[in-house]
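Q: Residue numbers (the numbering used here): 1309 to 1499.
#1: Determine the extent of the alpha helix (DSSP H) in which residue 1334 is found, giving its start and end residues.
#2: Candidates 1331, 1403, 1413: which alpha carbon is nearest residue 1455's?
#3: Below 8 angstroms on the Cβ atoms is my contact criterion, and I expect residue 1358 with residue 1382 to pass it. Report the Cβ-Cβ distance as a whole number of Å.
#4: How close, in whole Å, do the beta carbons of residue 1336 and residue 1405 come, if the pair is a contact with beta carbons under 8 angstroms?
#5: With a cut-off of 8 angstroms, do at least 3 Cβ pairs link the region 1466 to 1484 to the region 1418 to 1438?
#6: Closer than 6 angstroms by C-beta to residue 1387: which residues in its own chain qualify, once you throw out the five before and the five after it? Chain order, please.
#7: Grouping DSSP H, G and I as helix and E and B as strand, with all else coil, what is residue 1489?
#8: Extract the residue ranges of the beta strand (DSSP E) inside the region 1438 to 1466, only unbroken runs of 3 or more that lie entirely within it.
#9: Secondary structure at residue 1418, three-state DSSP: helix, strand or coil?
#10: Compute the Euclidean distance between the alpha carbons of residue 1462 and residue 1444, then round it to the nearest angstrom.
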């Protein structure tokens, strides 16, 4: 049984040149790898900005890393809040974790038809993205490869959007009604 998600109707908005990541600012999420990958491509895509939404112990270190790489003017840190506004206007969503359970942020990004790049970590991303059918998978902890994936998605944005739309259509399996029905079925068997 999947985590139940309340799927929302998405109203199309104009996408800005934002890369987005949402999650706790902890080592597990490997946000430093996203910052390093962003540094490798920011000169090629000068209008691109990186939005990081989250709070945690790594916050200061990640801000220092962006200053050290001389990209702090292009990296925006937001304390954790409802990210739906950013899902609607960003160009790409990135998950770069070392490991996950079932990362709801991938489901949320697809709910907004947002192209997704995810580390192929254990467990969850390859299942949610159907082994790359609904988004792009990359090696865990490989900023160079991640930067190449970001470039590829930006340069092939129509294909990337197509994958995200197909992914959006696959989300019924996570809908809160169907998942609650599954829980109800299990509870009836126990009782």
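Cβ atoms here follow ideal geometry from the backbone N, Cα and C, with glycine treated the same way.
A: Here's the rundown:
#1: First-last for residue 1334: undefined, no H or E at that position.
#2: 1403
#3: 6 angstroms
#4: 6 angstroms
#5: yes
#6: 1363
#7: helix
#8: 1444 to 1446
#9: helix
#10: 12 angstroms
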